[in-house]
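Residue numbers (the numbering used here), protein chains in the order written: chain A, 1 to 313; chain B, 1 to 313.
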């Protein structure tokens, strides 16, 4: 954990870092050297991703607490590990903090610490610097013996999605219109959950491609389809979705951090066990086909493959 | 490599990422999934660090080219791997880019790519988002079978420093005074070098503690001394330094990215071989002692240990 070299004043900066380390307690490890060291399980691949949350771009201060901002930023990054079915090893936090956020620094740190603890991994490093705009850049490290990739889907596979979609999109629409979001929608927007254990369950069950839903189901389905060289046929009406949300809204709601999975058709997925274990739905929403011009086709009423998804956007 | 989810427009953002990937060519690997995967050498420890460079805090636009800003940000992070004597595995780049910097995006990326290539490692991931303030957060991954730590110095050790100090501090003083820095000073400020191979040479030679000089020799010597529970006695007059720089200036110049090393006294260091191999000095500047109240003592003219270093700051 180190700080900016020019200004801010060593004392104040080190004090802030010390306070953050105290906030994290035993959840912060390996801090104090120029870099942190971690043991890697032998034979596993190292899985890494980095993600930034910027005030005014990814959130507004009046929308949620500082602690929620920290937790949500960490979740967005941890979700990338989930998409690879990787087990988390550690989190690094780089903070750019303006003067007006100084009093919220510990709450931001607390949120990151809670998200890391929920993911069962320590905070292994970080950086603190001043700036004019609050940003949190979170880097996550994990390991996987057989990482799931976007490119793994094959014609004939079934397509599954975790959870109930539409909450974040509905909450964001309300907030941007200065309306009060439904509590359930807001909770999904403010406190999303990285589906880490769910991903490992799905990988163990036989899943062979995955992506997390950050841009919206349809957009991320298109990413997965293009990476795999296939076309996905999705029945949006079958989507599990939040109350008060249309299928089209659910399919275009971003920052869900749910998972989209391709599973060989001959795998018998124990959906009931998944639901009992994780308390969220696992829904078969379609199938994988040889590539046509459209990456994603949407089943119209009655089941025909009517059209691509672009007109929904 | 992924982008901000709310605004900027998928198209433009993905175009920018594509352009960066083309700029990097084969130096960018594993990009395109939610996370990157890397092979770890078996038996080695994973070494990680993250560092941010923010406009107006760590640099000003008029001081250097966008490419130099990118390379310098990467160097600051890579230097943390050098301080641990780790071999680099990969670099992740998270960029927050304001509109006014859009046209410099590829030059920033090029600089990071050049620094990564010089360190012999690929760019394995990243993130791009808009914001009102330019920042580059670089996360570096490396491996080491026996990482050097700050806490390893022991009473009786000799203290060495790599390179010629004082350039960055002198350049910064000139720039802040709107004067023209000496070219040699400016080069050290704009284009510092992470001492990665030097660190591995020193570790192989027997070094048992190290820190990189980012806050200034005296401040970093104090960090190392406190971590090791010792006191360092340094003869600043023996420092290799840039022309036109006093010993005190050299000892307080930050962002050097040179290394401060503790070496057992019974190790015969082949300084000549170091100089021939790397083309920079390796200088014995003092010794390690049992801890007294001051973490660092400075040898006065004639060699006596006269005083702590705080009065120099």
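The beta carbon of each residue, even a glycine, is placed where N, CA and C say it ideally should be.
Chain B contact residues for residue i, given Cβ-Cβ distances below 9 Å
i, result
"residue 124 (chain A)", "48"
"residue 320 (chain A)", "The shown model of chain A, from 1 to 313, leaves out residue 320 (chain A), and the question about it has no answer."
"residue 37 (chain A)", "45, 46, 47, 48, 84, 86, 144, 147, 149"
Residue i: contacting residues in chain B (beta-carbon distance under 7 Å)
i, result
"residue 40 (chain A)", "40, 46"
"residue 33 (chain A)", "84, 149, 150"
"residue 94 (chain A)", "50, 52, 137"
CA-to-CA distance, residue j to residue i, given in whole angstroms
i, j, result
"residue 236 (chain A)", "residue 192 (chain A)", "22 Å"
"residue 270 (chain B)", "residue 280 (chain B)", "13 Å"
"residue 35 (chain B)", "residue 200 (chain A)", "15 Å"
"residue 167 (chain B)", "residue 186 (chain B)", "7 Å"
"residue 228 (chain B)", "residue 238 (chain B)", "23 Å"
"residue 88 (chain A)", "residue 78 (chain A)", "8 Å"
"residue 309 (chain A)", "residue 250 (chain A)", "Caution is warranted here: a pLDDT of 48 is assigned to residue 309 (chain A), below 50, making its placement in the model unreliable, and no coordinate value can be reported."
"residue 23 (chain B)", "residue 82 (chain B)", "26 Å"
"residue 262 (chain A)", "residue 144 (chain A)", "18 Å"
"residue 115 (chain A)", "residue 29 (chain A)", "15 Å"
"residue 84 (chain A)", "residue 149 (chain A)", "6 Å"
"residue 257 (chain A)", "residue 177 (chain A)", "23 Å"
"residue 196 (chain A)", "residue 268 (chain A)", "21 Å"
"residue 311 (chain B)", "residue 14 (chain A)", "Note that residue 311 (chain B) scores a pLDDT of 43, beneath 50, so its modelled location is shaky; the value from the coordinates is reported in the next line. Looking at the two C-alpha atoms, the distance is approximately 20 Å."
"residue 55 (chain A)", "residue 97 (chain A)", "10 Å"
"residue 120 (chain A)", "residue 86 (chain A)", "12 Å"
"residue 104 (chain A)", "residue 202 (chain A)", "38 Å"
"residue 142 (chain B)", "residue 62 (chain B)", "33 Å"
"residue 188 (chain B)", "residue 122 (chain B)", "24 Å"
"residue 152 (chain A)", "residue 226 (chain B)", "51 Å"
"residue 294 (chain A)", "residue 234 (chain A)", "12 Å"
"residue 8 (chain A)", "residue 240 (chain A)", "Unreliable positioning characterises residue 8 (chain A) in this predicted model, as indicated by a pLDDT of 33, which lies under 50. A coordinate reading is not provided."
"residue 6 (chain B)", "residue 146 (chain B)", "Reliability of the predicted coordinates at residue 6 (chain B) is poor, the pLDDT of 31 falling under 50, and no value is obtained from them."
"residue 297 (chain A)", "residue 221 (chain A)", "10 Å"
"residue 315 (chain A)", "residue 44 (chain B)", "No answer is possible for residue 315 (chain A): it lies beyond the span of chain A, which begins at 1 and ends at 313."
"residue 124 (chain A)", "residue 118 (chain A)", "15 Å"
"residue 38 (chain A)", "residue 40 (chain B)", "12 Å"
"residue 273 (chain B)", "residue 231 (chain B)", "29 Å"
"residue 27 (chain B)", "residue 174 (chain A)", "43 Å"
"residue 277 (chain B)", "residue 194 (chain B)", "15 Å"
"residue 46 (chain B)", "residue 205 (chain A)", "30 Å"
"residue 314 (chain B)", "residue 99 (chain B)", "The question about residue 314 (chain B) has no answer, for chain B in this structure spans 1 to 313."
"residue 19 (chain A)", "residue 112 (chain B)", "32 Å"
"residue 73 (chain B)", "residue 259 (chain B)", "17 Å"
Under 9 Å by beta carbon: chain A residues contacting residue i
i, result
"residue 186 (chain B)", "Residues of chain A passing the Cβ test: none, with the nearest at roughly 16 Å."
"residue 118 (chain B)", "Going along chain A, no residue has its Cβ under 9 Å from residue 118 (chain B), so there is no contact; the nearest lies around 19 Å."
Listed by chain order, chain B residues near residue i by CB distance under 8 Å
i, result
"residue 65 (chain A)", "Result: empty, since nearest Cβ-Cβ is about 19 Å, beyond 8 Å."
"residue 15 (chain A)", "Residues of chain B passing the Cβ test: none, with the nearest at roughly 15 Å."
Listed by chain order, chain A residues near residue i by CB distance under 7 Å
i, result
"residue 193 (chain B)", "Within chain A, no residue comes near residue 193 (chain B); the closest Cβ sits about 16 Å away, beyond 7 Å."
"residue 131 (chain B)", "54, 57, 133, 135"
"residue 81 (chain B)", "35"
Partner residues on chain E for residue i, Cβ-Cβ distance less than 9 Å
i, result
"residue 157 (chain B)", "The structure shown contains no chain E; its protein chains are A and B."
Buried or exposed (CB count within 10 angstroms, at least 16 for buried), residue i
i, result
"residue 48 (chain B)", "buried"
"residue 244 (chain A)", "exposed"
"residue 302 (chain A)", "Reliability of the predicted coordinates at residue 302 (chain A) is poor, the pLDDT of 46 falling under 50, and no value is obtained from them."
"residue 389 (chain A)", "Shown here, chain A extends from 1 to 313; a query on residue 389 (chain A) therefore has no answer."
"residue 304 (chain A)", "In this prediction, residue 304 (chain A) has a pLDDT of 47, which is less than 50 and means its spatial position is unreliable; nothing more can be read from the coordinates."
"residue 126 (chain B)", "buried"
"residue 275 (chain B)", "exposed"
"residue 246 (chain A)", "exposed"
"residue 164 (chain A)", "buried"
"residue 265 (chain B)", "exposed"
"residue 162 (chain A)", "buried"
"residue 131 (chain B)", "buried"
Any non-hydrogen atom of the ligand COA closer than 6 Å to residue i Cβ
i, result
"residue 45 (chain B)", "Among the components modelled here there is no ligand, and therefore nothing to report on the ligand COA."
Quick check: the segment 87 to 99 of chain A against the segment 127 to 139 of chain A, are there 3 or more CB pairs under 8 Å?
-> Three or more beta-carbon pairs drawn from the segment 87 to 99 of chain A and the segment 127 to 139 of chain A are found closer than 8 Å, and the two stretches are therefore classed as touching.
If you pair each beta-carbon of the segment 284 to 291 of chain B with each one of the segment 174 to 189 of chain B, do three or more pairs fall below 8 Å?
-> No, the segment 284 to 291 of chain B does not touch the segment 174 to 189 of chain B.
Do the segment 195 to 215 of chain B and the segment 151 to 159 of chain B make contact, defined as three or more Cβ pairs closer than 8 Å?
-> Between the segment 195 to 215 of chain B and the segment 151 to 159 of chain B, the count of Cβ pairs shorter than 8 Å is three or higher; the stretches touch.
Inspect the CB distances between the segment 96 to 110 of chain A and the segment 67 to 78 of chain A and report whether three or more fall short of 8 Å.
-> In this structure the segment 96 to 110 of chain A lies against the segment 67 to 78 of chain A, because at least three pairs of beta carbons, one per stretch, are closer than 8 Å.
Name, going along the chain, the residues of the segment 266 to 290 of chain B whose beta-carbon falls closer than 8 Å to a beta-carbon of chain A.
-> Of all residues in the segment 266 to 290 of chain B, none has a Cβ within less than 8 Å of some Cβ in chain A.
Can you list, in chain order, the residues of the segment 238 to 267 of chain A whose Cβ is nearer than 8 Å to any Cβ on chain B?
-> From the segment 238 to 267 of chain A, only 254, 255 have a Cβ closer than 8 Å to chain B.
Taking a Cβ distance cut-off of 8 Å, strictly less, list which residues of the segment 96 to 114 of chain A are near chain B, in chain order.
-> Residues of the segment 96 to 114 of chain A with a Cβ closer than 8 Å to any Cβ of chain B, in chain order: 96.
Selection of the segment 195 to 218 of chain A by Cβ proximity to chain B, strictly under 9 Å | Of all residues in the segment 195 to 218 of chain A, 210, 211, 212, 214, 215, 216 have a Cβ within less than 9 Å of some Cβ in chain B.
Contact residues within the segment 219 to 239 of chain A, judged by C-beta distance below 8 Å to chain B | Hits within the stretch, in order: 219, 227.
When you check each C-beta in the segment 167 to 183 of chain A against every C-beta of chain B, which residues fall closer than 7 Å?
-> Those would be none; no residue qualifies.
Short-range partners of chain B found in the segment 69 to 80 of chain A, where Cβ spacing is below 7 Å = Answer in chain order: 80.
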